[in-house]
Amino acid sequence: MKPTRRDMLKLATFAAGVPLLRQAPATTPLSTLRFFPGFASKRVKTSGAEINLVHAGSGPPLLLMHGAPQTHVSMRLIAPELAKDYTVVVPDLRGYGDSSKPPDGENHANYSKRAMALDQVEVMKSFGFDKFAVVGHDRGGRVGHRLALDHPGKITKLAVLDIVPTYYLYTHVDIRFIQSYFHWFNNVRAAPAPENDIKAQNDAQKARATNEVQIEYLRTSSDPANIHALCEDYRAGASIDLLHDAADLSTKIACPLLTLWGLKGPMGRIYDVLAIWKERGGTVSGKGLNGGHNLQEDVPEEVLAELRPFLKA
Numbered sequence: 098m099k100p101t102r103r104d105m106l107k108l109a110t111f112a113a114g115v116p117l118l119r120q121a122p123a124t125t126p127l128s129t130l131r132f133f134p135g136f137a138s139k140r141v142k143t144s145g146a147e148i149n150l151v152h153a154g155s156g157p158p159l160l161l162m163h164g165a166p167q168t169h170v171s172m173r174l175i176a177p178e179l180a181k182d183y184t185v186v187v188p189d190l191r192g193y194g195d196s197s198k199p200p201d202g203e204n205h206a207n208y209s210k211r212a213m214a215l216d217q218v219e220v221m222k223s224f225g226f227d228k229f230a231v232v233g234h235d236r237g238g239r240v241g242h243r244l245a246l247d248h249p250g251k252i253t254k255l256a257v258l259d260i261v262p263t264y265y266l267y268t269h270v271d272i273r274f275i276q277s278y279f280h281w282f283n284n285v286r287a288a289p290a291p292e293n294d295i296k297a298q299n300d301a302q303k304a305r306a307t308n309e310v311q312i313e314y315l316r317t318s319s320d321p322a323n324i325h326a327l328c329e330d331y332r333a334g335a336s337i338d339l340l341h342d343a344a345d346l347s348t349k350i351a352c353p354l355l356t357l358w359g360l361k362g363p364m365g366r367i368y369d370v371l372a373i374w375k376e377r378g379g380t381v382s383g384k385g386l387n388g389g390h391n392l393q394e395d396v397p398e399e400v401l402a403e404l405r406p407f408l409k410a
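Structure follows, in C-alpha cells:
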C-alpha cells in the first residue's frame, strides 16, 4: 500500500525526534449557569490560585462556600433566592470544581484553610467588597471559620452548616467519629493510595450517573487533579490546620455566628453542636434542621428560613 501524506509526516517527525502534535484538551471550564438562572460566571486570579465562581444580585455582599467533594453547584437551590436581596458570590474553593489546583506546598500549606480563606478575601475584594457575610457548608464552613479568625474585620456574619471545628474533632476522636467519618482518616493517607481509591469509586459512579447534578459533580470530582487536591485539603486539615487552630484556641469569633446541622445525619447525633460553637464564638445561635449533611440541597427552604433573619438582623 502506498504511504499517505499523513504516514510520511509521522515518519518524518519520528526520524527528526519531534513529538507528534496532539489536539490540546479543552481548558475552558464548562458553564454551570444552567443551575443558576440570572447569574454570570467569572474567574478571579488570587495571589495563590485562580478561582472559578458565579455571581448575581445587588445589595450587601454575601459569600457562599461549598463543601467536599461538591462544588459551587451545591448552592444552586439557595443562591438565586438570596440574590434577590444580596450580592451573592459562589466560588469553587481552590482545588475543587473548575478552580485551579496549586502545588501541595510544604506541610500541605497550599491547601490550608488559611490559604483558602485568603483566596476568598481577594475574590471579594475583586468585586469591591472589604466586608461581607459568609455562609459555608462542610469544608466551606471550615474556611469560613478561618476567615473569621484571620480576617475578623472583614466578616460581618458567619453561618456554618453541619460542622463543628476541625480541632475539636481531631482532639475528641472516638469510635463514633471514626465510623461516621471514616474518610477523614482514609483521605489523609500518603498519596496515591486514597487518590486511587477515590478515582475508582468516582469512575464507577460516573458510569452509572443519570442525574444532571451528579453528572456535573462527577465531571470534576473524577478528575485526578481534583481528587489529589481533595486529599490535600484533608491532609492539611490533619496537619497545618491543626497548628493554626491550636494557636487561636483563645481567640473567639467576633462576628455573630449561626450554626445549622442535620438532624438526619451523624453530626447532631454525635455532638452537642451548639454548645461546641458557643465555646468558639461570642454571639452564637443555631438549631438542627430536618435534613442530612447536605442541608442546602436536602432542605433548602429550611436553610433559607434560618439564614434570612440571621443575615438581615
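Residues in the sequence shown are numbered from 98 upward in steps of one, following my numbering. Even for Gly, the Cβ is constructed at its ideal location relative to N, Cα and C.
Quick check on the DSSP output: the beta strand (DSSP E) that includes residue i runs from which residue to which?
i    : result
R140 : 137-142
K384 : 381-386
G359 : 354-359
G233 : 229-234
L159 : 158-162
In angstroms with no decimal places, state the Cα-to-Cα distance between residue i and residue j.
i    : j    : result
F285 : A322 : Here residue 285 is Val; the residue named in the question, Phe, does not match the sequence. Answer to the nearest angstrom: the Cα atoms are 16 angstroms apart.
I373 : P262 : 8 angstroms
R239 : V231 : 11 angstroms
A410 : I252 : 15 angstroms
T317 : F133 : 18 angstroms
R273 : H280 : 13 angstroms
G379 : P249 : 13 angstroms
G334 : R236 : 10 angstroms
V270 : Y278 : 10 angstroms
E376 : L244 : 17 angstroms
L190 : E219 : 13 angstroms
P188 : T129 : 12 angstroms
T184 : R405 : 14 angstroms
A343 : N283 : 23 angstroms
M162 : K198 : 17 angstroms
N308 : D369 : 35 angstroms
Y265 : D320 : 31 angstroms
S144 : A206 : 14 angstroms
In this structure, does DSSP put residue i in helix, strand or coil?
i    : result
K254 : strand
A287 : coil
Y398 : In the sequence under discussion, the amino acid at residue 398 is Glu, which differs from the Tyr named in the question. Three-state result, E398: helix.
P199 : coil
A146 : coil
G114 : Reliability of the predicted coordinates at G114 is poor, the pLDDT of 35 falling under 50, and the value obtained from them is presented with this limitation in mind. Note: G114 maps to coil in three-state DSSP.
A180 : coil
L130 : helix
Q120 : Residue placement at Q120 is flagged as unreliable, the pLDDT there being 30, under the threshold of 50; a coordinate-derived value is accordingly withheld.
P188 : strand
V63  : In the structure as shown, the chain begins at 98 and stops at 410. Residue 63 is therefore absent and cannot be evaluated.
A153 : strand
I260 : coil
Let me know if residue i comes out buried or exposed under the rule of 16 or more other beta-carbons within 10 Å of its beta-carbon.
i    : result
H169 : buried
K142 : exposed
E394 : buried
D216 : buried
Q276 : exposed
P166 : buried
I312 : exposed
A214 : buried
N149 : buried
A146 : buried
R131 : exposed
S347 : exposed
On the DSSP letters alone, give me the boundaries of the alpha helix (DSSP H) that residue i sits inside.
i    : result
M172 : Segment: none, M172 is in no alpha helix (DSSP H) and carries neither H nor E.
L340 : 337-344
V220 : 210-223
L266 : 263-267
P321 : 321-334
Y314 : 309-318
D373 : Correcting the residue type first, residue 373 is Ile in the shown sequence and not Asp. Where I373 is concerned, the enclosing alpha helix (DSSP H) stretches over 370-375.
P363 : 363-367
F423 : For the chain, the structure presents residues 98 to 410; residue 423 sits outside this window and is missing.
S277 : 272-277
Q: Determine contact between the stretch 346-360 and the stretch 246-259, defined as no fewer than three beta-carbon pairs at a distance below 8 angstroms.
A: yes
(Q) Three Cβ pairs or more, each shorter than 8 angstroms: is that satisfied between the stretch 209-224 and the stretch 240-252? (A) yes
Q: Count the C-beta pairs between the stretch 289-299 and the stretch 324-344 that are closer than 8 angstroms, then say yes if the count reaches three, no if not.
A: yes
Q: Would you check if the stretch 377-389 and the stretch 147-164 touch, i.e. whether three or more CB-CB distances between them fall below 8 angstroms?
A: no
Q.
For the stretch 335-343 against the stretch 360-371, do three or more pairs of beta-carbon atoms, one drawn from each stretch, fall closer than 8 angstroms, so that the two count as touching?
A. no
Q) Do the stretch 293-309 and the stretch 172-179 meet, that is, are 3 or more Cβ pairs less than 8 angstroms apart? A) no
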